[in-house]
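Heads up: the protein sequence lines correspond to chains A and B, in order. Mapping of the first sequence onto the working numbering: residues 8 to 71, in sequence order. Mapping of the second sequence onto the working numbering: residues 28 to 461, in sequence order.
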Amino acid sequence: MNELSYEEALTELQTILQDLQKEQVSIDALSSKSERAEVLLAYCQEKLRNLNAKLAPKEDTPSH
Amino acid sequence: MIRRLVSTVCINTKHYLRGMSTYRLFELNTYIRRFVALNLPEPVWVQAEVAEADERRGHYYLTLMEKTEDGQEVAAQAKAVIWSRTANQWQRTNKLLLKELLQAGREVQLQVQVSFHERYGMQLQVQDLDANYTLGVMAQQRQRTIDELMAAGLLQANKMLRLVLAPQRLAVISSPAAAGLQDFLAQLRDNPYGYDFEVQLFPAAVQGAQASPEIRRQLRTIERRRDSFDAVVIIRGGGARMDLADFDEKELCFAAAQMTLPVISGIGHETDQSIMDMIAHTALKTPTAAANFFIDRLHYLDQQLAGARQTLQQQTSQVVQRKEFELARLGEQLKFQQQQFLQKEAWKLEQYAQQLPQLVRQRLHLATIELEQLQQLHQLLSVESQLKRGFALLSVGDEIIRSGSQLEQHEEVTLHLQDGTTTLRTNPPQPKKK
């Protein structure tokens with residue numbers, strides 16, 4: 008999972024969601040797909056949070 | 028005065044004139060001596076030009092002359108002497124030096140006692156000298172020279188020349204023995220800023236009759252090598268007032284005024300200005316002041332450069348500051364864009380997060396409906412429902428009997444009805460009758 012890029016994770020997530028919408032997910036796979044989608048979501052959100060912290064840390068720290 | 032003199036001579040000659048006699052030379056000269064003594068018993072004032080002047084052991088030996096009106100020939104000439112006692116007394120009284128006043132070419136007005144010596148001839152013994160007359164004539168000559176320079180457009184010519192910003196290559200005209208030259212060189216050498224000057228000395232007399240020709244010769248030499256120098260400096264130590272007249276000399280001033288290099292004069296006089304000073308590019312009162320002029324000029328340039336350097340630094344740092352500000356603004360923009368982007372992305376994820384359970388639920392719901400439908404179908408197709416509808420089912424054990432040939436193999440089969448089962452005996456098949 009660590010080697011997955013944000014883009015890759017997002018693309019996979021979007022594919023799962025599309026498959027769900029098109030009802031192309033088998034019930035057997037539903038649970039694992041759903042779990043996988045949640046993991047991908049969390050992964051992407053974590054990446055965004057890290058980026059936020061890295062790019063905008065100066066506003067929070069005192070400047071002197 | 029001349030007229031009165033002539034009439035006196037006429038009165039006294041008649042006693043001694045005897046025609047047709049022959050005299051010994053001494054007799055003649057004695058006669059002349061007595062004649063002179065009798066006719067010129069009192070000192071007389073006489074005006075003349077000094078042709079030569081020579082000082083030996085305090086006595087001044089002069090050759091006086093007067094030129095014809097066209098100035099081409101000598102009309103009259105006489106020897107004169109100022110004995111040292113007279114000379115010293117005169118110098119004390121007038122606070123002037125005879126050596127300076129009595130130079131070749133000067134107009135003088137002398138009070139002389141005319142004497143005649145049998146062996147040495149006529150001599151004018153000077154009793155007094157009218158300095159104001161000489162000075163007046165000199166002043167007139169001086170004014171004439173100034174007028175001529177002005178008419179020739181040379182009074183300002185040298186001032187119009189551009190002196191380089193950092194004049195360091197100096198052609199110095201001076202007498203190697205002059206104290207003023209040493210002052211000048213020492214001042215340049217010991218300048219507090221450590222500026223280098225390249226000084227070349229062009230030796231020349233800077234006072235007396237030789238000054239003009241010698242300085243002019245050196246001016247010509249320098250003019251030929253003008254590219255090697257930034258300026259000409261004429262240096263002389265402090266002198267008496269009369270000495271200054273050497274630098275009023277017409278030909279010298281014309282030569283200096285026509286130089287194509289700026290002429291800087293340091294001919295050392297606090298109160299009076301020579302014509303040389305007037306035509307010079309810059310006139311300084313003393314050789315030391317002349318040296319300071321060059322030092323100050325370099326120092327001024329130095330300061331200008333320092334100022335320019337400071338301005339440059341200020342402007343450079345201003346540019347850097349402005350660029351830094353621009354960068355900072357770009358950085359802010361970048362941060363803003365990044366945040367926007369991240370927010371958009373986060374929003375997308377949030378939507379996905381909301382969609383996910385919904386989609387999963389939908390999928391499950393769909394599957395449930397499918398299942399239900401299958402269940403219904405299953406129920407529809409189940410054995411019980413068929414029996415209810417009046418159909419019966421035959422089986423042997425678990426095997427369902429579907430054909431007659433199957434039935435022929437068994438003697439007993441189970442009949443399934445809606446409300447239970449019963450065992451049926453089958454008629455074994457009859458052997459075939461022929």
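All C-beta atoms in this analysis are idealised placements derived from N, C-alpha and C, irrespective of residue type, glycine included. Because the structure is a prediction, the values reported are computed rather than measured.
On the DSSP letters alone, give me the boundaries of the beta strand (DSSP E) that residue i sits inside.
i, result
"B/M305", "Counting along the chain, B/M305 falls outside any beta strand (DSSP E), though it belongs to the alpha helix (DSSP H) covering I302 to I306."
"B/E93", "H86 to K94"
"A/V32", "Note, A/V32: premise wrong, no beta strand (DSSP E); not H, not E."
Looking at the strands, I want to know which residues DSSP matches up with residue i.
i, result
"B/I59", "DSSP lists no partner for B/I59."
"B/P230", "B/S201"
"B/M149", "B/F143"
"B/E225", "B/R196"
"B/S422", "B/I427 and B/T441"
"B/R83", "B/H86"
"B/L137", "B/V73 and B/L156"
In this structure, does DSSP put residue i in helix, strand or coil?
i, result
"B/Y50", "coil"
"B/A258", "strand"
"B/L190", "coil"
"B/A78", "strand"
"B/T441", "strand"
"B/Q382", "helix"
"B/I427", "strand"
"B/N97", "Sequence inspection shows Asp at residue 97 of chain B; the Asn mentioned does not correspond to that position. Reduced to three states, the DSSP call for B/D97 is coil."
"B/T453", "coil"
"B/D446", "coil"
"B/L129", "coil"
"B/R336", "helix"
"A/E42", "helix"
"B/D217", "coil"
"B/A184", "coil"
"B/D323", "helix"
"B/T464", "For chain B, the structure presents residues 28 to 461; residue 464 of chain B sits outside this window and is missing."
"B/Q364", "helix"
"B/S344", "helix"
"B/S432", "helix"
"B/K122", "coil"
"B/P68", "coil"
"B/G235", "coil"
"B/R112", "helix"
"B/R263", "coil"
Determine, for residue i, whether the minimum Cβ-Cβ distance to residues of chain A falls below 9 Å.
i, result
"B/Y327", "no"
"B/Q402", "no"
"B/Q365", "yes"
"B/A316", "no"
"B/Q360", "no"
"B/A335", "no"
"B/Y379", "yes"
"B/A193", "no"
"B/L376", "yes"
Starting from residue i and walking both ways along the alpha helix (DSSP H), at which residues does that stretch end?
i, result
"B/V177", "Checking the sequence shown, residue 177 of chain B turns out to be Met, not Val. A158 to A178 is the extent of the alpha helix (DSSP H) around B/M177."
"B/V101", "Premise fails: B/V101 lies in the beta strand (DSSP E), V101 to I109, not in any alpha helix (DSSP H)."
"B/I242", "A238 to R251"
"B/G492", "Since the displayed chain B opens at 28 and closes at 461, residue 492 of chain B lies outside it and no answer follows."
"B/A283", "K277 to A284"
"B/Q413", "V410 to K415"
If you measure from the beta carbon of residue i to each beta carbon in chain B, is any gap under 9 Å?
i, result
"A/H71", "Any answer about A/H71 is weak, because its pLDDT of 46 lies below 50 and its placement is not dependable; what the coordinates show is given next. False, the Cβ-Cβ gap to chain B never drops below 9 Å."
"A/V32", "yes"
"A/D67", "Below a pLDDT of 50, predicted positions are generally treated as unreliable, and A/D67, at 48, falls in that range; no measurement from the model is reported."
"A/L58", "yes"
"A/E45", "yes"
"A/S41", "yes"
Could you check if residue i belongs to the surroundings of the ligand HEM, using beta carbon to heavy atom distance under 8 Å?
i, result
"B/L339", "With respect to small molecules bound, the structure shown includes none, and the ligand HEM cannot be examined in it."
The segment 363–383 of chain B in contact with the segment 18–30 of chain A per 3-pair CB rule at 8 Å:
yes
| said: Below 8 Å, how does it come out for the segment 344–352 of chain B and the segment 27–43 of chain A: are there three or more Cβ pairs, yes or no? | reply: no
Query - Cβ contact (3+ pairs, closer than 8 Å) linking the segment 273–280 of chain B and the segment 165–176 of chain B - result: yes
Measuring CB atoms only, is the segment 184–200 of chain B touching the segment 159–171 of chain B, in the sense that at least three cross pairs come out at less than 8 Å?
no
- Take every Cβ of the segment 56–66 of chain B, pair it with every Cβ of the segment 142–157 of chain B, and state whether three or more of those distances are shorter than 8 Å. yes
Problem - Cβ contact check for the segment 86–103 of chain B and the segment 121–137 of chain B: 3 or more pairs under 8 Å - result: Taking 8 Å as the limit for Cβ pairs, the verdict is that the segment 121–137 of chain B does touch the segment 86–103 of chain B.
Requested in this report: Assess, as a yes-or-no matter, whether the segment 299–306 of chain B is touched by the segment 197–216 of chain B under the definition of 3 or more beta carbon pairs within less than 8 Å.
Outcome: Taking 8 Å as the limit for Cβ pairs, the verdict is that the segment 299–306 of chain B does not touch the segment 197–216 of chain B.
> Just checking, does the segment 243–261 of chain B make contact with the segment 213–220 of chain B on the three C-beta pairs under 8 Å criterion?
Replying inline: Contact fails: fewer than three Cβ-Cβ distances are below 8 Å.
So does the segment 413–432 of chain B actually touch the segment 43–61 of chain A, counting three or more Cβ pairs closer than 8 Å?
no
Cβ-based contacts, 7 Å cut-off: residues of the segment 11–29 of chain A near chain E: The structure shown has no chain E; the protein chains it does contain are A and B.
| said: For the segment 36–43 of chain A against the segment 363–374 of chain B, do three or more pairs of beta-carbon atoms, one drawn from each stretch, fall closer than 8 Å, so that the two count as touching? | reply: no
| Is the segment 350–370 of chain B touching the segment 321–329 of chain B, taking contact as three or more C-beta pairs under 8 Å? | no
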